[in-house]
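Under our numbering, read the sequence shown as residues 330 to 577, first letter to last. We put the beta carbon where it would ideally sit given N, CA and C, even for glycine. These figures come from a predicted structure and were not determined experimentally.
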Amino acid sequence: MTNKNNDKEEMHILLLDRTKYSEWYLCMQFLPRSKEILDVCENPIRKDALTTARNRWNKLSFEAITLITSRINHCVFLEVVRPETSDKANLLWTCINKHYALKRNMTKGRVWMNWQKLKYTGNLQSYINNTQRFLLDLQSVSVKLPPEILSYIILGKIGNDSSLTQFVEMITLNDSLLENHNQVLLRLQEYANHQAAKTIAKDPPPVSALILSSEHQFKITHFCSNGTHNPKCTTHRKEDCYGENPHL
């Protein structure tokens with residue numbers, strides 16, 4: 330990826346303010362060069378590093394500082410950029426993380442409690458979408474739970490739906506599925522798609538609705554016949570009609 334493309338992708342990182350630390354931190358993890366950038370931010374240069382390694386670290390540190398300071402707002406800049414953090418990416422990164430550590434812990438609790446409040450209301454597709462959103466939120470604030478526990482939580486919320494009882498039991502009997510909550514969600518999505526297809530097959534929309542909703546609606550064409558011009562025909566005039574004027 331070229332530097333120009335890198336700049337474009339990095340500009341999509343939201344500005345860090347006093348309320349969006351978790352989202353900002355997650356965006357930083359998915360940078361095209363996140364491994365190099367975060368390695369410099371999280372690890373100071375070794376004292377016995379060779380000149381080549383030191384020069385490379387300094388170069389990456391400058392790039393990291395440039396990126397970070399371009400993606401924080403004015404208030405945050407004043408709070409974290411100081412003489413001792415202005416030229417070393419690892420010190421600036423540490424300062425930001427410490428500054429927002431308490432707020433981040435509060436955010437973790439809020440995200441977790443919001444997911445606990447999520448209830449299954451009978452719409453499986455809506456439940457899947459909301460669950461995926463909350464799992465991304467948990468990841469963004471580094472709330473880590475064993476995948477098997479997440480699988481049981483996901484299934485437990487739909488356990489009271491009698492129409493899903495057999496399906497849920499089939500999943501709980503499959504240890505390989507329970508070990509990966511994403512696979513559990515995938516199976517739920519497949520089931521939701523299957524049920525939606527059955528509903529359409531059982532009660533298809535009327536043909537007239539399909540015609541009216543089609544991007545290319547049927548066009549009725551009128552033809553001439555029996556040597557007589559059809560006045561509804563729009564492809565030619567009566568005097569040019571081959572049926573009435575075969576000599577043309």
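Check: In its own chain, which residues sit with a C-beta less than 8 Å from the C-beta of Trp-441, not counting the 5 before and 5 after it?; Outcome: Leu-467 and Val-472
Check: What separation, rounded to the nearest whole angstrom, lies between the Cα atoms of Ser-363 and Leu-355?; Outcome: 11 Å
Check: Looking at the structure shown, is Leu-421 part of a helix, part of a strand, or coil, going by DSSP?; Outcome: helix
Check: Please work out which residues of its chain come closer than 8 Å, Cβ to Cβ, to Ala-521, disregarding the five sequence neighbours upstream and downstream, and give them in chain order.; Outcome: Leu-453, Gln-454 and Ile-457
Check: Quick one: what does DSSP say Ile-342 is sitting in, helix, strand or coil?; Outcome: coil
Check: Does DSSP put Ile-401 in a helix, a strand or coil?; Outcome: strand
Check: Under 8 Å by Cβ, that's how I've got Ala-393 and Trp-386 pegged, so tell me the actual separation to the nearest angstrom.; Outcome: Rounded, the Cβ-Cβ distance is 10 Å, inconsistent with contact.
Check: Leaving out five residues before and five after Leu-420 in sequence, what residues of the same chain have Cβ atoms less than 7 Å from its Cβ?; Outcome: Glu-413 and Thr-414
Check: Assuming Thr-398 and Phe-406 are in contact, meaning their beta carbons sit under 8 Å apart, how far apart are those beta carbons, in whole angstroms?; Outcome: 7 Å
Check: Is the beta carbon of Ser-346 sitting closer than 8 Å to the one on Asn-426?; Outcome: It is Asp, not Ser, that sits at residue 346 in the sequence shown. It is not a contact, given that the beta carbons lie outside the stated cut-off.
Check: Go ahead and pull the three-state DSSP assignment for Lys-567.; Outcome: helix
Check: Less than 8 Å between the CB atoms is what I'm expecting for Leu-484 and Val-497, so what's the real figure, rounded?; Outcome: 5 Å
Check: What is the residue span of the alpha helix (DSSP H) that Tyr-429 lies within?; Outcome: Where Tyr-429 is concerned, there is no enclosing alpha helix (DSSP H), given that its DSSP letter is neither H nor E.
Check: Just to confirm my understanding: we take Cys-370, look at its own chain, exclude 5 residues before and 5 after, and list those with CB closer than 7 Å. What are they?; Outcome: Ala-393, Ala-418, Asn-419 and Trp-422
Check: Ignore the nearest five residues each way along the sequence and tell me which others in Val-536's own chain have a CB closer than 6 Å to its CB.; Outcome: Reliability of the predicted coordinates at Val-536 is poor, the pLDDT of 47 falling under 50, and the value obtained from them is presented with this limitation in mind. Excluding positions up to five away in sequence, the list is empty.
Check: Secondary structure at Thr-557, three-state DSSP: helix, strand or coil?; Outcome: strand
Check: Under 8 Å between the Cβ atoms of Ser-469 and Glu-365?; Outcome: no
Check: Grab the span of the alpha helix (DSSP H) containing Asn-511 for me, first residue to last.; Outcome: 510 to 531
Check: Suppose contacts are defined by Cβ-Cβ distances below 8 Å. Is Leu-479 in contact with His-510 by that definition?; Outcome: yes
Check: Which complete alpha helix (DSSP H) runs does the region 458 to 501 hold, if anything under 4 residues is left out?; Outcome: 476 to 485 and 494 to 501
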